[in-house]
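Chains as they are written, first to last, in my numbering: chain W, 885 to 1353; chain V, 885 to 1353.
Written out as structure tokens, the structure reads:
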């Protein structure tokens, strides 16, 4: 590695250039628990577009890899520092540049946290629809990189639908502007959509024009029900979809996930609900808008037809408390040990089969796999519990998911593909799932995608190893 | 041109290959009124995927252009036969291959008409959200090619949001499959979104997996109001948006458009509404769902605050009749002569300024420009009336929009761009607007887009002249 790279970065960016080994060590991971096997060269904390451009020009000159990084909350290792690359953090570029209630949009820097934007928008009766479970700590840039979803996607869409336009620094330092301030526009190819979900492999997002949606008036109503097993809960979710209801939120929490959450949050979180019996799964459905109550009653009717008496909550606080149960899933598991967090998505009609496949894998591999699902869009998050490691083990450099767990995950991916599903609904491929990419895409698509990448990044310096091997 | 091309096509496709001069003449236009100046070589009416592949292999061998064509209802000349190219019609590939109520999707061939799919979906309480005014005669393949919009986009999204996956024949005859049967998925780049709106310049769509949405229960409620001028109507539409209401439909019809529609449909279409005074513009807002009535009352309240007493219709038939008024716009103008149909889109807050710009252009050029607008998303359709030509003139080969009209349109485009808008919200660039493409995109984006096209189409045979000059 050319020692001039750091010197050149220093000359251009001064104290934004960090080589402190402890800092470089800390960014060799994200929230996936994966640690890279070799350190990055340097961390650069860019403070503006011109600095990002300067970094990319230097990287191009030296043909050195650049790993864009935001809040570091990814779940697929895509932003983990590695292999002597420059880690280019845009976390400090965190200003909301504009919030236009008239055009129902905001212009933000990539480091703005998801929740910060939602909070700012709320004053105007608006919200930012993507709501990954990490929304309090994940940045909009990262949401864009992975096309993040969350609890509200089935009704309000994923990040792609929320991004109107982007400003991107290309690998050679040039600035590309895509999209519009309008909600429609078909002048040329949809580069905005191509960049959303591209995981930092095409360029560095330095600004985003994002769509805000009106908060539905009338609040929310929440339906909660325990089913004898997860298959029954999945059947009820499918029946709700089949009855043409379109709730804002529809989540399934399986028995093992539910037990972990109960242990973590304590019984108060479930106040007012019956005590679940062992093996029972939890279905949580929330409607919103002026007809929230009527919709909740219709949902409850479908649940009753499945033989279960649900609980309907009309007050928002109870609704929020129940959603908090779902959102506590990751924290509840982390409090017990380490997990490999997965993210398959299947056609909604195949969700029950996917739960069965997960159960089979758990039994064959003797591994516990607590699972939650965004049931409105068939997106399941099976969490493979890694046995025999203490709480916080993944925070230690060098931690690695055991091969046996990856073998179980391999079966999971194959089962999802066999059901017409996908490897990843909303977390991205990153470096952790790149080996399965070709299996899902097939040769024609994979080769085409590699050539598309080369149009943006002819030297192959953008996030090398992420998405593509 | 190699005479073997037709012979090879014949050998491969038999009587699907058409060289009858009258047939070739008829496909030198679309619904834009533009006629190409030189004839295509041949028309091929493909009956299946293998035939499309055969055509593309022959075209690649001979490096001859291929123009994919569906129902021929485009408004930008993109599918008009020209320049010795092969016109590859997929209109006969018109089967609905699957309709899955459980997964709320359909798998269709590209020649299926928009309305046919909606009718089939309706039986299951579902609908196909893209609803261009041409929906009775336009095909899904064409909707995909242009990323078609319509009246319902502001609430239900454009075609991009409705397409989950595509099967595409690439220029070399290879088959590319993109996307999923799931509503989420981030494995690799979003090629589906890249292909939507690509106007046949990347490949030939031979199958699409499209999302269907549940029909909102509870029907619709419609608010209709006359404003003293179009600026006042635009102000009211902006106020409705600002009040965080999100109607399913929000249309503005300006005075000149309104007069044409009244003359065409007769007074019965406006039954129950007050007679508009000269200069008055019409605002038509429709809410849907269980809270349709409450939402309509809230909309009416906003309209009243603008000083106008609206009419609220709760029965669906009246609502449909009022929407039919809007949908009759193109037919009403066609009954009087010929028009150049435009399609600019501006940020919603700039709509009033765009109407003013149109008024200025109309006065400076002495041309009548009746305009309707999808006010929920800032998409205006100014129609430049071409003076001195008889009804149906554009149906005659050789018809051309006069230069003076194009000069006026040039000003329109510049005005839209100056307001932060776009050349085309939903009709596409085609061959008619390719000369303005670079102005909107800028050099970096334009060059990148050309290189992306070359990845799919290295020989430049896919719809040459469309989108890019």
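All residues carry an ideal CB built from backbone N, CA and C; glycine is no exception. Note that the structure is a prediction, hence the values are computed from the model and not measured.
Determine whether the Cβ of residue 973(W) lies closer than 8 angstroms to any Cβ atom of chain B.
-> Note that chain B does not occur in the displayed structure, where the protein chains are W and V.
Local Cβ density within 10 Å of residue 1275(V), reported as buried at 16 or more and exposed below that | exposed
Near-chain V residues of the region 1049-1064 of chain W - C-beta to any C-beta below 8 angstroms = 1054, 1058, 1059, 1060, 1061, 1062 and 1064
What does residue 1345(V) pair with, by DSSP beta-bridge criteria?
-> DSSP lists no partner for residue 1345(V).
Which same chain residues, not among the five before or five after residue 1175(W), have their C-beta less than 8 angstroms away from its C-beta?
-> 1102
Does residue 1022(W) get closer than 8 angstroms to chain V when you measure Cβ to Cβ?
-> no
Using 8 angstroms as the Cβ pair cut-off and three pairs as the minimum, do the region 925-937 of chain W and the region 1289-1305 of chain W touch?
-> no
Label residue 1231(W) either buried or exposed according to how many other C-beta atoms from any shown protein chain fall within 10 Å of its C-beta, with 16 as the threshold for buried.
-> buried
According to DSSP, residues forming a beta bridge with residue 888(V) | Bridge partners of residue 888(V): none, in fact.
Helix, strand or coil for residue 1242(V) per DSSP?
-> helix
For the candidate residues 1246(V), 1075(V), 1134(V) and 1185(V), whose alpha-carbon lies nearest to that of residue 843(V)?
-> Not covered by the structure: residue 843(V). The range shown for chain V is 885 to 1353.
Scan the region 1255-1283 of chain W for residues whose Cβ lies nearer than 7 angstroms to a Cβ of chain V and list them as they occur along the chain.
-> 1261, 1262 and 1263
For residue 1237(V), go through chain W and note every residue whose CB falls closer than 7 angstroms to its CB, in chain order.
-> Within 7 angstroms Cβ-Cβ: nothing; residue 1237(V) doesn't reach chain W, min ~12 angstroms.
Would a check of beta-carbon distances place residue 1125(V) closer than 8 angstroms to chain W?
-> yes
Closest Cβ-Cβ distance between residue 1018(V) and chain W: below 8 angstroms?
-> no
Could you name the residues of chain W that residue 916(V) contacts, counting a contact when the two beta carbons are closer than 9 angstroms?
-> The contacting residues do not exist; residue 916(V) stays about 15 angstroms from chain W at best.
Could you name each continuous alpha helix (DSSP H) segment of 4 residues or more that falls completely within the region 1070-1146 of chain W, going from the start of the chain to the end?
-> 1075-1079 and 1114-1126
What do you reckon, are the CB atoms on residue 1228(W) and residue 1153(W) nearer than 8 angstroms?
-> no
Find the nearest neighbour of residue 907(W) within the set 1281(W), 1310(W), 1067(W) and 1352(W), judged by alpha-carbon distance.
-> 1281(W)
Residues sharing a beta bridge with residue 1172(W), DSSP | 1104(W)
Mind pulling the chain W residues with CB within less than 7 angstroms of residue 1082(V)?
-> 1073
Minimum Cβ-Cβ distance from residue 976(W) to chain V less than 8 angstroms = no
Assigned secondary structure, residue 1154(W) (DSSP; H/G/I helix, E/B strand, else coil) | helix
Determine the extent of the beta strand (DSSP E) in which residue 1049(W) is found, giving its start and end residues.
-> 1047-1053
Between which two residues does the alpha helix (DSSP H) harbouring residue 1270(V) extend?
-> Taken as a continuous stretch (DSSP letters only), residue 1270(V) belongs to no alpha helix (DSSP H), being part of the beta strand (DSSP E) at 1263-1270.
Taking residue 1031(W) as the query, report the chain V residues whose CB atoms sit under 7 angstroms from its CB, ordered along the chain.
-> 1070
Separation of residue 1331(W) from residue 949(W), as counted between CA atoms = 21 angstroms
What is the DSSP secondary structure of residue 980(W), reduced to helix, strand or coil?
-> strand
Checking contacts by CB at 8 angstroms: is residue 1009(W) closer than that to chain V?
-> yes
Of all the options 1022(V), 1021(V) and 1086(V), which has the alpha carbon lying nearest to the alpha carbon of residue 1050(V)?
-> 1086(V)
Looking at the structure shown, is residue 1025(W) part of a helix, part of a strand, or coil, going by DSSP?
-> helix
Touching by the beta-carbon criterion (3+ pairs, under 8 angstroms), the region 1232-1243 of chain V and the region 1251-1271 of chain V = yes
CB contact flag (residue 1055(V), residue 1264(V), <8 angstroms) | no
The region 1064-1071 of chain W / the region 910-928 of chain W touching (three or more Cβ pairs under 8 angstroms) | no
Candidates 1045(W), 1345(W) and 1098(W): closest to residue 987(W) by CA position | 1098(W)
Between which two residues does the alpha helix (DSSP H) harbouring residue 1254(W) extend?
-> From DSSP, residue 1254(W) is part of no alpha helix (DSSP H); its letter is neither H nor E.
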